[in-house]
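Residue numbers (my numbering), protein chains in the order written: chain A, 21 to 358; chain B, 21 to 358; chain C, 21 to 358; chain D, 21 to 358.
Using N, Cα and C, we set each Cβ at its ideal position, and we do this for glycine too.
From a predicted model like this one, the values you see are computed outputs, not experimental measurements.
4 protein chains.
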Amino acid sequence: MLNTLIIGGAGYTGQELCKLVTTHPQLKLTHVFASAGSKNAGEPLPLGITGQIQDGHPDAIMAAAHDAQVILLATPHEASAALVPQLREHSDALIVDLSGGFRLEAGAYPQWYGFEHPAKELLAKAVYGLVGWNDKAIKGSKLIAAPGCYPTATLLALKPVMEAGLLAGLPIVNAVSGVSGAGKSNKPHTQFCEVSLAPYGVLGHRHQPEIAQHLGHDLVFTPHLGAFDRGILATITVPVKAGTTQAQVDALYQQCYGQHPSVHLSGDLRRQAPAIKNVANTPYAQIGWALDEARNLLVLASAIDNLLKGAASQAIECINTHFDFKLRPLPGYGWEAL
Amino acid sequence: MLNTLIIGGAGYTGQELCKLVTTHPQLKLTHVFASAGSKNAGEPLPLGITGQIQDGHPDAIMAAAHDAQVILLATPHEASAALVPQLREHSDALIVDLSGGFRLEAGAYPQWYGFEHPAKELLAKAVYGLVGWNDKAIKGSKLIAAPGCYPTATLLALKPVMEAGLLAGLPIVNAVSGVSGAGKSNKPHTQFCEVSLAPYGVLGHRHQPEIAQHLGHDLVFTPHLGAFDRGILATITVPVKAGTTQAQVDALYQQCYGQHPSVHLSGDLRRQAPAIKNVANTPYAQIGWALDEARNLLVLASAIDNLLKGAASQAIECINTHFDFKLRPLPGYGWEAL
Amino acid sequence: MLNTLIIGGAGYTGQELCKLVTTHPQLKLTHVFASAGSKNAGEPLPLGITGQIQDGHPDAIMAAAHDAQVILLATPHEASAALVPQLREHSDALIVDLSGGFRLEAGAYPQWYGFEHPAKELLAKAVYGLVGWNDKAIKGSKLIAAPGCYPTATLLALKPVMEAGLLAGLPIVNAVSGVSGAGKSNKPHTQFCEVSLAPYGVLGHRHQPEIAQHLGHDLVFTPHLGAFDRGILATITVPVKAGTTQAQVDALYQQCYGQHPSVHLSGDLRRQAPAIKNVANTPYAQIGWALDEARNLLVLASAIDNLLKGAASQAIECINTHFDFKLRPLPGYGWEAL
Amino acid sequence: MLNTLIIGGAGYTGQELCKLVTTHPQLKLTHVFASAGSKNAGEPLPLGITGQIQDGHPDAIMAAAHDAQVILLATPHEASAALVPQLREHSDALIVDLSGGFRLEAGAYPQWYGFEHPAKELLAKAVYGLVGWNDKAIKGSKLIAAPGCYPTATLLALKPVMEAGLLAGLPIVNAVSGVSGAGKSNKPHTQFCEVSLAPYGVLGHRHQPEIAQHLGHDLVFTPHLGAFDRGILATITVPVKAGTTQAQVDALYQQCYGQHPSVHLSGDLRRQAPAIKNVANTPYAQIGWALDEARNLLVLASAIDNLLKGAASQAIECINTHFDFKLRPLPGYGWEAL
């Protein structure tokens with residue numbers, strides 16, 4: 021059992037991490053710290069899990085980190101960027117950071133996150149935790165940046181087409197996220213009566229460069245907020261190479277994901293489509309596709325739970341991949357031997 | 021006061037028509053008939069309106085039609101296509117059909133609606149009721165096909181760009197509709213627990229040819245069902261002519277809609293965006309835009325209430341246009357002199 | 021046309037007042053002021069209504085009040101209590117206050133509202149605006165306290181039984197309100213993801229003394245917050261005099277409300293029940309009842325829109341009653357001659 | 021590992037059973053049958069669980085039952101009542117029936133379920149599976165009737181007061197259920213747009229006699245349907261013996277549930293209250309209370325997930341109790357050694 025530490029345990033993602041670690045056969049949840057400066061210390065852990073959030077004083081964190089084999093960070097972006105170098109000094113543990121603090125190239129931080137990255141050397145060594153597509157790097161690194169929620173939904177759908185060399189133009193990505201994606205803090209635009217379906221971050225969301233960098237291709241990304249708690253649906257329209265057939269696309273997705281432990285295929289979108297209700301509160305992605313052979317246009321749909329596959333459960337899958345734990349996520353928060 | 025007849029008054033759209041006619045200063049609601057074969061005869065009209073749904077026996081309808089100046093049809097597509105010729109025989113009234121029975125060219129009906137159109141001559145004379153863009157035809161015809169909900173949201177957003185000659189490629193339209201768009205009848209996929217955000221009708225929805233025909237340009241249209249009662253949000257990504265500027269687009273939308281009684285502009289999407297909550301239960305469209313000048317890509321967002329601006333209130337605006345009633349729709353169901 | 025002034029026009033209730041006054045045949049909306057100290061000055065009025073929120077500087081308010089015949093206050097409780105005496109000095113207008121500032125006896129304010137009432141003489145002259153039950157007083161007073169949302173739903177259901185002398189024990193009132201009842205300000209517990217069905221204010225909500233005082237009988241009142249925007253459903257269980265019959269109760273409600281312009285009866289709850297969807301976005305209450313003749317227990321259900329019948333539209337009905345305008349509220353925001 | 025059979029696996033409860041059995045360390049899911057006559061045979065099991073629904077032909081069921089140690093029935097009430105005697109002939113397995121087919125006394129079936137019970141001898145031997153309150157009987161019987169959803173929420177809250185002899189009058193139970201409680205079949209009143217908060221089954225719901233029988237006291241029970249997927253909140257107002265104190269009630273609930281693996285206490289309702297969001301998608305109940313010492317009235321609130329603690333997870337807890345498996349349900353669907 022690996023001693024496991026969660027920092028930033030009071031937020032929506034942190035709470036999911038607590039449940040996923042508790043049910044994990046190889047991880048032992050030793051400490052759950054609040055983010056520095058938060059007022060959540062002393063709060064109970066999620067219903068059904070014994071314990072409480074500890075005050076995130078740096079000394080306490082570093083002492084716990086020293087004895088940990090796994091450290092999960094669900095802290096704000098800039099906090100993660102500052103914390104990881106300190107943790108690395110005190111600990112050899114595998115660090116999985118769920119913030120945006122280690123996902124982009126150093127030069128992109130001032131524009132997209134508003135700060136100069138304080139740990140460029142570590143950033144250069146961080147690997148992107150897109151499970152199934154970057155596993156060799158995940159196995160080989162002690163610092164993993166778990167992908168963002170929109171990038172996970174988008175990249176899982178687009179990677180097969182990109183890697184197969186079928187992409188022939190700009191993907192147009194329209195995605196809708198549940199409100200938990202905005203985090204737990206108090207914001208006027210996430211008050212209950214203020215939420216309804218609307219686009220935001222048009223032509224300027226920081227997940228656009230994250231997707232572009234890890235896809236290796238430019239795109240148009242338009243996120244939306246929807247009036248539901250959890251889940252993301254990304255619908256993608258993308259030109260493909262002339263002559264591509266539906267049968268070819270069927271085979272491609274089957275080959276990439278037919279045996280995948282956490283990506284499920286719904287098949288041709290004209291018959292059945294991914295839906296938020298199929299994946300909310302699960303660690304699974306669900307992907308469907310439909311090719312317009314006459315116009316060489318591929319429509320993709322990809323659904324995930326933003327807090328699980330889009331954050332916490334993918335972070336645990338990174339741990340499984342790194343340590344070669346042969347585990348499959350069960351519905352809810354459990355893990356089953358493959 | 022014009023005697024006004026509603027056929028198909030028990031459905032969601034029919035109920036909204038009842039309220040809009042009741043509050044109208046120039047219309048007198050004389051009869052509300054159920055669709056033929058429905059079991060709704062005898063049901064009360066919406067709360068606050070005296071009267072009940074009458075049995076839709078053809079004799080009763082034709083007698084009432086004879087004395088009417090306005091006939092509103094909220095009947096199923098094929099029922100409308102069959103009913104309009106009979107009504108025309110018995111009545112000189114303005115007929116506004118809210119179904120899809122008179123929106124497409126005759127040749128398109130077998131593929132998209134599954135029937136050979138029974139009234140091709142009348143269909144050839146029917147005009148498309150897109151208020152603000154087809155007003156001369158609306159004034160001149162006694163048979164108006166009120167536009168579909170998705171086409172209304174999409175066309176109101178795209179028409180300015182199209183008519184200004186700025187369109188330079190295939191518009192990608194992603195739209196999400198509330199569940200009332202699926203009508204009132206009992207369907208497994210609209211059971212409460214079965215609804216969540218998901219695409220449907222991918223590459224094969226009948227509103228695609230409707231939009232294409234009345235826009236005059238092909239497009240990709242992907243509709244979605246969302247877990248809310250009312251409203252449509254369409255998000256559109258479209259290539260525009262190189263060199264187009266944001267200022268030019270700002271001016272274009274101001275010119276088209278700055279004084280429009282039922283289309284409101286939210287402006288640059290990077291600052292403020294249309295939202296379902298802004299238009300649900302109102303007769304208004306809300307439109308925003310953002311131009312990526314570097315990539316010559318325009319992102320448009322358009323929000324309407326699918327039952328009002330996407331159906332019933334636009335139908336009444338057709339009447340206002342036809343008879344030259346100078347009226348502006350108020351929030352809710354009222355009308356104010358311009 | 022009476023010059024009408026709204027103070028506190030930026031909140032949810034204030035916005036509804038704007039729409040209701042705009043559509044009113046006898047009222048002319050002259051000014052909409054922000055609450056003192058709010059940052060809403062300069063914001064546009066609701067979609068479809070021309071104008072904007074004015075800064076609520078006392079001098080500007082008093083100048084406008086001087087020329088007004090009607091003043092509507094949708095300000096916080098303590099602000100209303102302080103503002104009304106100043107308004108009275110500058111104006112003879114009918115004042116309708118929608119806050120809790122003039123609903124209780126003076127002695128109750130420190131306990132329930134946390135302040136000593138600053139205008140006890142005016143408070144003593146204020147009348148309770150429960151339309152249909154206090155009309156003579158409403159006609160005779162220039163200061164009307166519009167009832168709270170929960171009290172409106174509860175009192176409309178219980179008054180017939182109480183006044184008929186059938187009440188024989190403590191009414192148990194369980195009510196669920198939509199989130200707009202908590203107002204527009206930013207609160208952690210009304211963040212979208214934090215809202216679900218839960219009781220609050222148990223044994224200590226300030227609407228308990230309001231109901232008790234205006235019913236003339238003690239009760240148990242347990243409010244709940246539900247995950248929806250608008251509407252209140254109150255379900256009431258109350259012992260009645262032995263020997264009461266269902267037929268007697270049927271007749272009683274028909275007599276009280278059979279001709280009422282804004283209270284609709286759904287009849288025996290065993291056949292049909294009031295529902296939030298029937299009344300949301302309408303100015304109507306819907307009431308049903310079922311008598312357990314064996315146990316002498318009456319179950320009542322009462323549904324309203326908390327922002328309309330529970331606030332703004334009842335406030336306008338107070339104006340109608342005071343000035344003897346013979347008007348019936350239409351679905352949405354319109355008014356029709358009786 | 022005990023061979024475990026699910027009959028009626030395609031409904032909402034059946035799907036939850038599949039997940040709970042899959043994650044259980046002592047149970048092996050061998051067969052999932054459709055209810056007789058359903059069209060669900062061939063459908064896949066829930067996302068993440070390998071396998072499909074089998075056709076529920078009696079021969080296949082009886083053959084599987086012969087080799088099973090545990091049989092879970094999520095079949096309709098009358099189907100369960102008919103099926104249990106046949107299963108008993110072919111199998112010694114522990115049978116847990118989640119329908120209402122074995123919860124009431126034989127004489128109550130014609131009135132409340134509309135059929136004469138076909139297996140009165142077995143019914144007389146069936147025990148009520150209210151875990152924590154009927155454990156000795158659950159250990160001793162091979163036929164367990166898992167409690168209904170409303171009865172679970174209500175009885176868990178009321179049992180402590182009843183058993184302590186504090187109950188001094190008729191409990192008034194108001195409860196709101198999510199729509200999944202109405203099952204998966206297609207019904208007009210559970211269409212998405214038709215659902216909102218409303219009472220139903222007033223003075224005539226079949227869970228009233230179930231609660232009364234297993235509480236040992238009459239009550240008034242008013243259920244409501246709310247516009248959400250999962251969860252039940254029951255709010256109960258009940259007279260208690262004069263002189264009862266809040267401290268006494270605090271101690272009573274701590275004593276009954278302080279160590280309970282699936283009942284959590286939120287404490288005094290005036291400080292914190294149970295909420296649907298706390299328990300939805302979990303196997304936990306959450307209970308709070310507040311005593312009005314002046315009026316000797318106790319207000320209780322009890323929240324559960326109707327499909328889990330109100331059905332499937334309590335059924336598994338019955339198995340744990342019967343076989344003395346020392347397990348605690350984890351958040352989601354997992355189980356942990358006590």
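Query raised in the report: Do the segment 162–181 of chain D and the segment 327–335 of chain D touch if we need at least three Cβ pairs shorter than 8 Å?
Result: yes
Query - Touch test, the segment 240–258 of chain D against the segment 192–207 of chain D, Cβ-Cβ under 8 Å, three pairs minimum - result: yes
Query - Partners in chain B for D117 (chain D), counting only beta-carbon separations shorter than 8 Å - result: Taking the first residue of the fourth sequence as position 1, residue 117 (chain D) is located at position 97. Residues of chain B passing the Cβ test: none, with the nearest at roughly 23 Å.
Query raised in the report: At a Cβ cut of 7 Å, what residues of the segment 294–311 of chain A count as close to chain B, listed as they run along the chain?
Result: P294, A295, I296, K297 and A310
Query raised in the report: For the segment 55–104 of chain D, which segments carrying the beta strand (DSSP E) assignment without a break, of at least 3 residues, lie completely within its bounds, in sequence order?
Result: Within the segment 55–104 of chain D, the runs of beta strand (DSSP E) that reach at least 3 residues and sit entirely inside it are, in chain order, 90–93.
Query raised in the report: Is there contact here, the segment 220–238 of chain A with the segment 293–300 of chain A, by at least three beta-carbon pairs under 8 Å?
Result: no
Query raised in the report: Based on Cα-Cα distance, which residue from C:E183, C:P138, C:T172 and C:E136 lies nearest to G149 (chain C)?
Result: Counting from 1 along the third sequence, the entry for residue 149 (chain C) is found at position 129. Checking every option, the nearest Cα to that of G149 (chain C) belongs to C:T172.
Query - Candidates D:F212, D:G76 and D:G62, of which the one nearest G246 (chain B) by Cα - result: Here residue 246 (chain B) refers to the residue found at position 226 of the second sequence. Selected option, being the one with the closest Cα: D:F212.
Query raised in the report: Could one say the Cβ of Y170 (chain B) lies closer than 9 Å to chain C's Cβ atoms, at least one of them?
Result: Translated into positions along the second sequence, residue 170 (chain B) becomes position 150. Chain C contact via Cβ: absent.
Query raised in the report: With distances taken between CB atoms, is the gap from Q306 (chain B) to L285 (chain B) smaller than 9 Å?
Result: Looking up residue 306 (chain B) in the second sequence gives position 286. Looking up residue 285 (chain B) in the second sequence gives position 265. The answer is yes: Cβ separation under 9 Å.
**Report entry** Pairwise C-alpha distance: T210 (chain D) and F135 (chain B)
**Finding:** The residue given as residue 135 (chain B) occupies position 115 in the second sequence. The residue given as residue 210 (chain D) occupies position 190 in the fourth sequence. About 31 Å.
Query - Counted within 10 angstroms of its Cβ, other Cβ atoms place P208 (chain C) as buried (16 or more) or exposed - result: In the third sequence, residue 208 (chain C) corresponds to position 188, counting from 1. So P208 (chain C) counts as exposed.
Report task. May I have the straight-line CA-CA distance separating L93 (chain B) from V240 (chain B), to the nearest angstrom? Result -> Within the second sequence, the letter at position 73 stands for residue 93 (chain B). Within the second sequence, the letter at position 220 stands for residue 240 (chain B). When the Cα atoms are used, L93 (chain B) and V240 (chain B) turn out to be separated by approximately 29 Å.
Query - Partner residues on chain B for P219 (chain D), Cβ-Cβ distance less than 9 Å - result: Translated into positions along the fourth sequence, residue 219 (chain D) becomes position 199. Chain B residues near P219 (chain D): none, gap ~17 Å exceeds 9 Å.
Query raised in the report: Within the 9 Å Cβ cut-off, does Y277 (chain B) reach chain C?
Result: By 1-based counting over the second sequence, the position of residue 277 (chain B) is 257. Not an interface residue.
**Report entry** Selection from A:C276, A:L143, A:V215 and A:G263 that minimises the alpha carbon distance to E183 (chain A)
**Finding:** Within the first sequence, residue 183 (chain A) is the residue found at index 163, counting from 1. Of the listed residues, the one whose Cα sits closest to E183 (chain A) is A:C276.
Requested in this report: Classify K156 (chain B) as buried or exposed, calling it buried when 16 or more other Cβ atoms lie within 10 Å of its own Cβ.
Outcome: The residue you call residue 156 (chain B) lines up with position 136 of the second sequence. K156 (chain B) is exposed by the Cβ-count criterion.
Query raised in the report: Applying the criterion that 16 or more other CB atoms from any shown protein chain within 10 Å of the CB defines a buried residue, is T265 (chain A) buried or exposed?
Result: Locating residue 265 (chain A) in the first sequence gives position 245, counting from the first residue. Residue environment analysis places T265 (chain A) among the exposed positions, since fewer than 16 neighbouring C-beta atoms fall within 10 angstroms of its C-beta.
Query raised in the report: Which residues, in order along the segment 191–208 of chain A, keep a beta-carbon less than 9 Å from a beta-carbon of chain C?
Result: G198, V199, S200, A202, K204, S205, N206, K207 and P208
Report task. With a threshold of 16 other CB atoms inside 10 Å of the CB of G62 (chain D), please say whether the residue is buried or exposed. Result -> Counting from one through the fourth sequence, the residue named residue 62 (chain D) turns up at place 42. G62 (chain D) comes out exposed.
Query raised in the report: Since G354 (chain A) meets chain D, which of its residues come closer than 8 Å, beta carbon to beta carbon?
Result: The count along the first sequence starts at 1 and reaches residue 354 (chain A) at position 334. The contacting residues are T43, L350, G352, Y353 and G354.
Query raised in the report: Taking 9 Å as the CB-CB cut-off, is E337 (chain C) touching chain D?
Result: Here residue 337 (chain C) corresponds to residue number 317 of the third sequence, with the count starting at 1. Not closer than 9 Å to any Cβ of chain D, the Cβ of E337 (chain C) fails to qualify, so no.
Report task. State the DSSP-derived secondary structure class of P349 (chain D), mapped to helix, strand or coil. Result -> Position 329 of the fourth sequence, counted from the start, is the residue given in the question as residue 349 (chain D). Note: P349 (chain D) maps to strand in three-state DSSP.
Query raised in the report: Taking 9 Å as the CB-CB cut-off, is L272 (chain D) touching chain C?
Result: On the fourth sequence, residue 272 (chain D) is found 252 positions in, with the first residue counted as 1. Chain C, which has no Cβ nearer than 9 Å to the Cβ of L272 (chain D), makes this no.
Query raised in the report: How many Å lie between T70 (chain C) and T42 (chain C) at the Cα?
Result: On the third sequence, residue 70 (chain C) is found 50 positions in, with the first residue counted as 1. On the third sequence, residue 42 (chain C) is found 22 positions in, with the first residue counted as 1. Using only the alpha carbons, I get a separation of about 10 Å.
Report task. Would you kindly check if the distance between the Cβ of F122 (chain D) and the Cβ of L107 (chain D) is under 9 Å? Result -> What you label residue 107 (chain D) is simply residue 87 of the fourth sequence in a count that begins at 1. What you label residue 122 (chain D) is simply residue 102 of the fourth sequence in a count that begins at 1. No, Cβ-Cβ distance for L107 (chain D) and F122 (chain D) is not below 9 Å.
Query raised in the report: If you check the beta carbons only, do H44 (chain A) and I26 (chain A) fall under 9 Å apart?
Result: Taking the first sequence and counting its residues from 1, the one referred to as residue 44 (chain A) is at position 24. Taking the first sequence and counting its residues from 1, the one referred to as residue 26 (chain A) is at position 6. Not closer than 9 Å, so no.
Query raised in the report: CB-CB under 7 Å to P180 (chain C), same chain, minus the five flanking residues each way: which ones, in chain order?
Result: Walking along the third sequence from the start, residue 180 (chain C) turns up at place 160. Correct list, in chain order: L272, Y273 and C276.
Report task. Can you have a look at R291 (chain D) and say buried or exposed, based on whether 16 or more other CB atoms are within 10 angstroms of its CB? Result -> In the fourth sequence, residue 291 (chain D) corresponds to position 271, counting from 1. With fewer than 16 other Cβ atoms within 10 Å, it is exposed.
**Report entry** Reduced DSSP secondary structure (H/G/I, E/B, other) of Y14 (chain D)
**Finding:** Because chain D in this structure spans residues 21 to 358, residue 14 (chain D) falls outside the shown range and cannot be described.
Query raised in the report: Comparing the C-beta of D249 (chain B) with each C-beta of chain D, is any distance below 9 Å?
Result: Translated into the one-based positions of the second sequence, residue 249 (chain B) becomes position 229. Cβ-Cβ to chain D under 9 Å: yes for D249 (chain B).
Query raised in the report: Are the beta-carbon atoms of L328 (chain B) and L40 (chain B) separated by less than 9 Å?
Result: Within the second sequence, the letter at position 308 stands for residue 328 (chain B). Within the second sequence, the letter at position 20 stands for residue 40 (chain B). Closer than 9 Å, so yes.
Query - Under the three-state DSSP convention, the category T210 (chain B) falls into - result: As a working mapping, residue 210 (chain B) is identified with position 190 in the second sequence. DSSP places T210 (chain B) in helix when its eight states are reduced to three.
Requested in this report: Taking C-beta pairs closer than 7 Å, name the residues in chain B that H284 (chain C) reaches, listed in chain order.
Outcome: The residue labelled residue 284 (chain C) in the question sits at position 264 within the third sequence. In chain order: L67.
Requested in this report: Let me know if Q131 (chain A) comes out buried or exposed under the rule of 16 or more other beta-carbons within 10 Å of its beta-carbon.
Outcome: Reading the first sequence from its first residue, position 111 is the one you call residue 131 (chain A). That one is exposed.
Query raised in the report: Going straight from the alpha carbon of A295 (chain C) to that of G198 (chain A), what length do you get?
Result: Here residue 295 (chain C) refers to the residue found at position 275 of the third sequence. Here residue 198 (chain A) refers to the residue found at position 178 of the first sequence. If you take the alpha carbons of A295 (chain C) and G198 (chain A), they lie about 27 Å apart.
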